[in-house]
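Protein chains: 2
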Amino acid sequence: MKLSQTFVKTFREVGKDETARNAELLIRAGYISKEMAGVYTYLPLGLRVIENIKNIIREELNSIGCEEIQMTALQSPDPWQKSGRWESEKMDIWFKTDLSAGGQLGLAPTHEEPITNMMKKYISSYKDLPIYAYQFQTKFRNELRAKSGILRTREFLMKDLYSFSADEKSHDEFYEKVSDAYMRIYDRLGLGDCTYKCFASGGAFSKYSHEFQTFLPVGEDTVYYNKDKSIVLNEEVLNDEVLKDLGVKREELEKTTAAEVGNIFTLRYKFSEPIDLTYNDKDGKRNTVFMGSYGIGVSRVMGVIVEKYSDKKGLVWPNEVAPFSAHVIGIGEEGEKIAHELEEGAPNDILIDDRDLRPGQKFADADLIGIPIRIVISDKTLAEGKIEVTDRLTGKTELASIDQAYNKYMTSLLKTEEY
Amino acid sequence: MKLSQTFVKTFREVGKDETARNAELLIRAGYISKEMAGVYTYLPLGLRVIENIKNIIREELNSIGCEEIQMTALQSPDPWQKSGRWESEKMDIWFKTDLSAGGQLGLAPTHEEPITNMMKKYISSYKDLPIYAYQFQTKFRNELRAKSGILRTREFLMKDLYSFSADEKSHDEFYEKVSDAYMRIYDRLGLGDCTYKCFASGGAFSKYSHEFQTFLPVGEDTVYYNKDKSIVLNEEVLNDEVLKDLGVKREELEKTTAAEVGNIFTLRYKFSEPIDLTYNDKDGKRNTVFMGSYGIGVSRVMGVIVEKYSDKKGLVWPNEVAPFSAHVIGIGEEGEKIAHELEEGAPNDILIDDRDLRPGQKFADADLIGIPIRIVISDKTLAEGKIEVTDRLTGKTELASIDQAYNKYMTSLLKTEEY
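Protein sequences, first through last, are from chains X and E. In terms of the numbering used here, the first sequence has 178 at position 178, counting the first letter as 1, and numbering is strictly consecutive. In terms of the numbering used here, the second sequence has 59 at position 59, counting the first letter as 1, and numbering is strictly consecutive.
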């Protein structure tokens, strides 16, 4: 893609109302635009990152037999009244609205109730089980404060998966599969080495749930961990009973801050019982469906990646998440010509800065935008048969022969055989 | 995909509250599920159709230089107050909601105002123009009635494109490009031979806008047309002045009903003036940005395709829209074995009915689900070296040798070389 042909615009600074580093950098680098506190629009570069994250999640969930659907934001009260979560005293982040035709609707902050209700049409026999359905869906949460950039917003994209199993045993097997899939997802997102499965409160119906916590100075959660015993637990469950359960002593735990990047819940019959989601087993006996739910905040994960990798110069994207593979800058007549040809051969993988600006300004913007590899093709180095390749993460630059550079960095990028 | 492993379930009938044929068939065939009047969930098959439609639109818009973004549903009143569309008397389909932190928000029924407002940050010079930005975004419209299935809903997926040009001339050139791209889109959607560009009211600022109308008995609009003169106009602009403009007499026009599948508007300065979206031209003079907007209702188009192609037996999908390329049914030991191997070679292209049901029931469901090609592999015909291939649209069945069938229908489906 040619930078001159997008409306990606970089800024030296943003307004004072943006206090979160993730949103500040993403706005400055032209990835997102702030609509209002806690509400952000995704610009072309930002949407590419979101789609990359979605694809990683989609691939890993499909590989364990999950199916993608798309539910609605508008919610009728009925199933929420059955579960007891319709009243704002029970769930204080509802946005509600009035229907012209009469009645009140809510904007879904999550989808346990509507999917449980919907499954009454699709589950009647043990033959219909298990069902694992997920969606990438916009959630609405009427947060009183919104000061964490895209980490916690009033409208955000979430992957939510719901499992419907015949019994606890088959549920537990799937729960472990999701847990493993989540770790593969965080690995591919570049968060694998600092993200841990963490014991958290199970709510009223299960002893524990699990969060996936990325250790991060700006994280909102406090967790305790013991690396030797591979134990991480949320502060909310730090009590004598839990310590005994896990076989660890308080003094063996270290404390740190972390950002939640996902959670998995064993819901048991919490929703299927009040909403009456049942099935007939092999003997014709009526049983209640055993449920689980599993979330990953897609836009939140993007914010965590920004917080983890960014440096003084700007954003730094892991390979699988980056909106482009290489950021190309041509300098001088021959350099610009080759740079353009490169971009034309792989416009979906290469971002070329073809704007009429000084090289220094282009270098600064390349650092800010944070594509993994920067390639500078200048007449000066071309005279020696070399081009300059810089790794955004390490900052390491090497002069490579054109052949070397193509072999090492660009073979996967190039659709044509010209080089 | 194996039918036994999805929660696709077919129904003989749906509740009495569903009066629209498109929704009735889509619910019966397992594509969508009704949340409430005018609000539908997309199940795995339905979401595949939606994604296919989105990809066709995306490819054609990208080919004319458009860029994809993602704006938000939550809207602050400010830009809408400037354009005069915040008050419900001016726009009666608003859903509004209260923010916990104070103030009222709206759920976007369209995005002219917020994108015009946002572009103030990205447009300051003639060098920034043109910008063509589109999104696939969920719109909310508080319709008093919702009786047309997925043709008119309270929450729906829309492709909306907005153009920002320096002047009317460059706008007009782009407007024609979009018009051509739309016709390519309708061709690929299978609606090309019955969809026409139609003169419609331009509102307060332009003489005309254009709608794309698919001639259809259940269409909500009345249009007049003259095929020889290639003129189609909406009833709303059938007056002496317009007839004179178009050089056609009233008696030369025939009347029919049609469903709108897209529209394109020259907005001129309708939004850029009150919201003050301006740019500096080459001489440093301040000008107002010239705008256009261009919509296609994605879920609505899906409904129109259903209305146009479906027959007494069920749905009929055009090739590029169909959730799968082939629906395979194996009968007998060897037939089932080959059917399974086929699906395993191309699980993303082939739907196999591996359920433990009578063949007659599988045939009926295949007709209802409407995949373009049905392939029946039975021991009986295999004994003669043949398999049965049926075209869903024409109903024509032919016995083909396995080699012929693979060459004609399946080479593109098969990822492996086994057959």
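Cβ atoms here follow ideal geometry from the backbone N, Cα and C, with glycine treated the same way.
- The stretch 262-274 of chain E and the stretch 4-18 of chain E do not touch, with fewer than 3 CB-CB distances between them shorter than 8 Å.
- X/A29 has a beta carbon lying at 8 Å or more from every beta carbon in chain E.
- Non-local C-beta neighbours of X/D353 in its own chain, meaning closer than 8 Å and more than five positions away in sequence, comprise L3, H327, V328, I329, K362, D365, A366, ordered along the chain.
- Interface residue (Cβ-Cβ distance to chain X less than 8 Å): E/V316 is not classified as such.
- Considering only X/N226, X/P130, X/K120, the residue with the shortest C-alpha distance to X/L277 is X/K120.
- The contact set of E/R154 on chain X, defined by CB atoms closer than 7 Å, consists of L74 in chain order.
- Taking 8 Å as the upper bound for CB-CB distance, E/E143 and X/T72 are not in contact here, some 14 Å apart.
- Scanning chain E for C-beta atoms nearer than 7 Å to the C-beta of X/A101 yields L144, reported in chain order.
- At a beta-carbon threshold of 7 Å, the residues of chain E lying near X/F95 are T97, ordered along the chain.
- Listed in chain order, the beta strand (DSSP E) runs fully inside the stretch 110-180 of chain X are 131-140, 155-165, counting runs of at least 3 residues.
- In the DSSP annotation of this structure, X/I64 is not part of any beta strand (DSSP E), being labelled neither H nor E.
- When beta bridges are read from the DSSP output, X/E398 appears opposite X/V389.
- By the Cβ rule, the stretch 234-242 of chain X does not count as touching the stretch 90-104 of chain X, because fewer than three pairs are nearer than 8 Å.
- Within the stretch 288-300 of chain E, no residue places its CB atom closer than 7 Å to a CB of chain X.
- Sorting E/R48, E/F95, E/V14 by C-alpha distance to the C-alpha of E/N348 places E/R48 at the top.
- The stretch 74-84 of chain E makes no contact with the stretch 24-37 of chain E, as fewer than three CB pairs between them are under 8 Å.
- Only residues of its own chain outside the window of five on either side were considered, and among them F215, L216, P217, V218, G219, E220, D221, T222, V223 have a CB closer than 8 Å to the CB of X/T257, listed in chain order.
- In this structure, the straight-line span from the alpha carbon of E/T116 to that of E/S272 is close to 6 Å.
- In this chain, the beta strand (DSSP E) harbouring E/T278 covers 278-280.
- For E/E35, the uninterrupted beta strand (DSSP E) segment begins and ends at 32-36.
- Here the alpha carbons of X/Q135 and X/K159 stand approximately 6 Å from one another.
- At least one CB atom of chain E sits nearer than 8 Å to the CB of X/F7.
- At a cut-off of 8 Å between beta carbons, E/E35 contacts chain X.
- Going by DSSP, X/M291 is part of the beta strand (DSSP E) stretching over 290-297.
- In this structure, the CA atom of X/S63 is about 12 Å from the CA atom of X/I185.
- Cβ-Cβ distances below 7 Å link E/K313 to D367, L368 in the same chain, with the five nearest sequence neighbours on each side left out; the list follows chain order.
- Close CB contacts of E/Y162 within its chain, under the 6 Å cut and outside five residues either way in sequence, are with I115, A133, S293 (chain order).
- When DSSP states are grouped into helix, strand and coil, E/G335 belongs to the helix group.
- Residues of the same chain with a CB within less than 6 Å of the CB of X/F199, apart from the 5 flanking positions on each side, are Y208, L233, V237 in chain order.
- Nearest CB-CB separation between E/Q81 and chain X: not below the 8 Å threshold.
- Boundaries of the alpha helix (DSSP H) harbouring X/T381: 379-382, taken from the DSSP string.
- Look at X/N226 here: in three-state DSSP terms it is strand.
- Of X/K270, X/K177, X/K282, X/D187, the smallest CA-CA separation from X/G84 is found for X/K270.
- Contacts between X/K121 and chain E, judged by CB atoms closer than 8 Å, involve K9, S33 in chain order.
- The closest CA to that of E/L189, considering only E/W317, E/S401, E/L393, is found on E/W317.
- By the Cβ-count criterion, E/N52 is buried, with 16 or more other Cβ atoms from all chains shown falling within 10 Å of its own Cβ.
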